[in-house]
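**Student:**
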Amino acid sequence: SQQGEEDPQALSIQEGENATMNCSYKTSINNLQWYRQNSGRGLVHLILIRSNEREKHSGRLRVTLDTSKKSSSLLITASRAADTASYFCATVSYNNNDMRFGAGTRLTVKP
Amino acid sequence: DVKVTQSSRYLVKRTGEKVFLECVQDMDHENMFWYRQDPGLGLRLIYFSYDVKMKEKGDIPEGYSVSREKKERFSLILESASTNQTSMYLCASSWELDQPQHFGDGTRLSIL
Chain H
1 SQQGEEDPQA LSIQEGENAT MNCSYKTSIN NLQWYRQNSG RGLVHLILIR SNEREKHSGR
61 LRVTLDTSKK SSSLLITASR AADTASYFCA TVSYNNNDMR FGAGTRLTVK P
Chain W
112 DVKVTQSSRY LVKRTGEKVF LECVQDMDHE NMFWYRQDPG LGLRLIYFSY DVKMKEKGDI
172 PEGYSVSREK KERFSLILES ASTNQTSMYL CASSWELDQP QHFGDGTRLS IL
């Protein structure tokens, strides 16, 4: 069963703009992770944020977590055409460490 | 870098055939996973294994079985392939269940 749900399903922006993707979930989590998938390839881990953290940065990526709202966001700043991919959030359950993925957001960055 | 290798990128089989999908990881990870990915449904967990010869059902195990005889290898078996098993299959591995998973590039399986 899916845990995280990403929003929007698809996002199209111009190069240089910021891209924000959201993830909502339903149960208590241990941590939340974001992954990227280029077309026809496997997923690549981007960033992990623990349940007691509120914000994390990695290069042009910024992830926030609001456990009271059961939501997370992934911000990609100054986007590039090479950022075109699908982005998935994955929640790790607090109870049993089960990891579940959402359906993903398909990001298109136009040059 | 961790490398997860899936034996085939593309595979075409016929209904009723027994199909084997192989996955090998080179980082001595305890945990290995099989997912299927379908448009609009994201990744759905079929089976995972936390040790040699140990396995646990995921969310959609029906029609599938798995084998883990060696730590580095995790096989997914379709006992009698059906057209509704046409999908992208992804293998992954990890150190701990709550830690990031490392994925192979997937096998796109078509059942005719």
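Here the protein sequences come in this chain order: H and W. For what it's worth, this note's numbering labels the leading residue of the first sequence as 1, then goes sequentially. For what it's worth, this note's numbering labels the leading residue of the second sequence as 112, then goes sequentially. Note that CB positions come from ideal geometry on N, CA and C, so glycine has one too. Given the structure is predicted, the values throughout are model-derived calculations rather than measurements.
1) Thinking isoleucine 29/H and valine 92/H are a contact (beta carbons under 8 Å), I'd like their distance in whole angstroms, please.
2) Measure the CB-CB distance between valine 133/W and serine 176/W and report whether it falls below 8 Å.
3) Could you give the DSSP three-state label for asparagine 96/H: helix, strand or coil?
4) By how many angstroms is the C-alpha of leucine 220/W removed from the C-alpha of tyrosine 121/W?
5) Give me, in chain order, the residues of the same chain whose beta-carbon lies closer than 8 Å to that of isoleucine 171/W; leave out the 5 immediate sequence neighbours on both sides.
6) So what's aspartate 112/W in DSSP terms, helix, strand or just coil?
7) Compare the Cα-Cα distances from glycine 42/H to each of Phe88/H, Val63/H, Asn97/H, Asn95/H and report the closest residue.
8) Please find out if some non-hydrogen atom of the ligand MG comes closer than 7 Å to the beta-carbon of aspartate 112/W.
9) With three or more C-beta pairs closer than 8 Å as the rule, is the region 10-20 of chain H touching the region 196-208 of chain W?
10) For the beta strand (DSSP E) containing glycine 153/W, name the first residue and the last one.
11) Is the beta carbon of methionine 99/H closer than 8 Å to that of leucine 152/W?
12) Looking only at DSSP bridge pairs, what is lysine 56/H linked to?
**Tutor:** The answer reads as follows:
1) 6 Å
2) At residue 133/W the sequence reads glutamate, which differs from the valine that was named. No, these two residues do not count as a Cβ contact at 8 Å.
3) coil
4) 6 Å
5) Arg147, Arg155, Leu156, Ile157
6) coil
7) Phe88/H
8) As presented, the structure is devoid of all ligands, the ligand MG included, so that no description of it is given.
9) no
10) 153-162
11) no
12) Val63/H
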